[in-house]
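J.: Structure provided below as structure tokens; questions to follow.
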Amino acid sequence: MTVSVSIHENYDRLSEQVARIFARHLLNTPDTTFGFATGETPKQFYERLAELYDRGFLDFQQLKAFNLDEFYPVGPDHPKRFKRYMDRHLYDHVNVDPRQVHVPDGTTDQPEKEARAYEEKIRRSGGIDLQLLGIGCNGHIGFNEPGSAWDSETRVVSIASQTREQYSVESEPLPDQAITMGIKTIMHSSRIVLMASGTRKAEIVNRALNGPVTREVPASILQLHPHLQVCLDQQAASRIDESYTNDEDPVERIEQEVAQS
Ligand code: GLP
81 MTVSVSIHEN
91 YDRLSEQVAR
101 IFARHLLNTP
111 DTTFGFATGE
121 TPKQFYERLA
131 ELYDRGFLDF
141 QQLKAFNLDE
151 FYPVGPDHPK
161 RFKRYMDRHL
171 YDHVNVDPRQ
181 VHVPDGTTDQ
191 PEKEARAYEE
201 KIRRSGGIDL
211 QLLGIGCNGH
221 IGFNEPGSAW
231 DSETRVVSIA
241 SQTREQYSVE
251 SEPLPDQAIT
261 MGIKTIMHSS
271 RIVLMASGTR
281 KAEIVNRALN
291 GPVTREVPAS
301 ILQLHPHLQV
311 CLDQQAASRI
321 DESYTNDEDP
331 VERIEQEVAQ
341 S
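Residue 81 is where the sequence shown starts when you use the working numbering, and the numbers rise one by one after that.
This is how it looks when you write it as structure tokens:
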């Protein structure tokens, strides 16, 4: 295994540990830029961060933050809108400057323009210092589904049917597209924390960390990030098989794939 992996007793401990990583970073660098993710996995992480704020340990005033993705198209009150998720789980509870926290605008009627502007906004702000990632059961990161190009930037994408099933529960129909940071956008972050919990993630976590670097498993590209930290609970780590062979020379193959895409 080439990446740094920490395994925690359960979801609570995992959330605490990831919150500690972000809290420490914010304490040391109050004007930092975070990249945030949504989904079930980081809910308790956000709760812990808000708690640390409540107790007077953290100050979010100078923080800049960019979310990975957003459904498209979504109405302002769509229950699954990631903007709502962020407000509910973090932003409503801490002293962030609303002008400094960003989620792609899924309500726009010019999504391609919004995607390009979002990429540019990240660039202009100096890039992401610390990016939080979850992982989809098919290996997606953000909404970069299997097959995504390694050199992709923020763009409009179709959501894979497997991913849609994961979300489609409520009466509200789920949009079939999203605006997502690209693989290249994510890989340009200075530091990445990948967080996964539960047995349903165990197999894909193993493939992402120990399998070949392949566009079929977008998260496998993270093996090549120089500052990746993987934080798992015991269930998500239960299938890690260190004998699973790594690519002989993933860098060379990726260069070829980029050239071909
Ligand atoms: C979603 C999001 C990802 C998230 C992933 C895992 O589709 N686009 O950013 O990390 O799925 O979600 P969960 O934590 O709910 O398993």
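In this text, a Cβ means the ideal position worked out from N, Cα and C, and glycines have one as well.
Taking the straight line between their C-alpha atoms, what separation do you get for T112 and L106?
T.: Roughly 7 Å between the two C-alpha positions.
J.: Can you give me the start and stop residues for the beta strand (DSSP E) that E192 sits inside?
T.: From DSSP, E192 is part of no beta strand (DSSP E) but of the alpha helix (DSSP H) over 191 to 204.
J.: In terms of residue numbering, what span does the beta strand (DSSP E) encompassing G88 cover?
T.: Per the sequence shown, residue 88 should be read as His rather than Gly. 84 to 88 is the span of the beta strand (DSSP E), which, as asked, contains H88.
J.: Quick one: what does DSSP say V174 is sitting in, helix, strand or coil?
T.: Of the three classes helix, strand and coil, the one that applies to V174 here is coil, per DSSP.
J.: With a CB to CB cut of under 7 Å and the five nearest residues on each side skipped, what residues in its chain are close to E192?
T.: Around E192: V236.
J.: Using a threshold of 9 Å, state whether the C-beta atoms of L213 and I202 are closer than that.
T.: No.
J.: Could you give the distance in angstroms between the alpha-carbon of F162 and the alpha-carbon of I215?
T.: Cα to Cα, F162 sits roughly 16 Å from I215.
J.: Does the distance between the C-beta of Q246 and the nearest non-hydrogen atom of the ligand GLP fall short of 8 Å?
T.: Flag set: Cβ of Q246 near the ligand GLP.
J.: Taking only heavy atoms of the ligand GLP into account, decide whether any of them is closer than 8 Å to the Cβ of L143.
T.: No, the beta carbon of L143 sits no closer than 8 Å to any heavy atom of the ligand GLP.
J.: Give the straight-line distance between the Cα atoms of N85 and R164, rounded to the nearest whole angstrom.
T.: Here residue 85 turns out to be Val, not Asn, going by the sequence shown. When rounded, the distance between both Cα atoms is 31 Å.
J.: Thinking just about the alpha-carbon of each residue, which of P184, G155, C217, D134 is nearest to the one in V176?
T.: Measuring from the Cα of V176, the nearest candidate turns out to be D134.
J.: So what's Y91 in DSSP terms, helix, strand or just coil?
T.: DSSP places Y91 in helix when its eight states are reduced to three.
J.: What runs of the alpha helix (DSSP H), each 4 residues or longer, lie entirely inside the stretch 222 to 284?
T.: Complete alpha helix (DSSP H) runs here, min 4: 241 to 247, 263 to 267.
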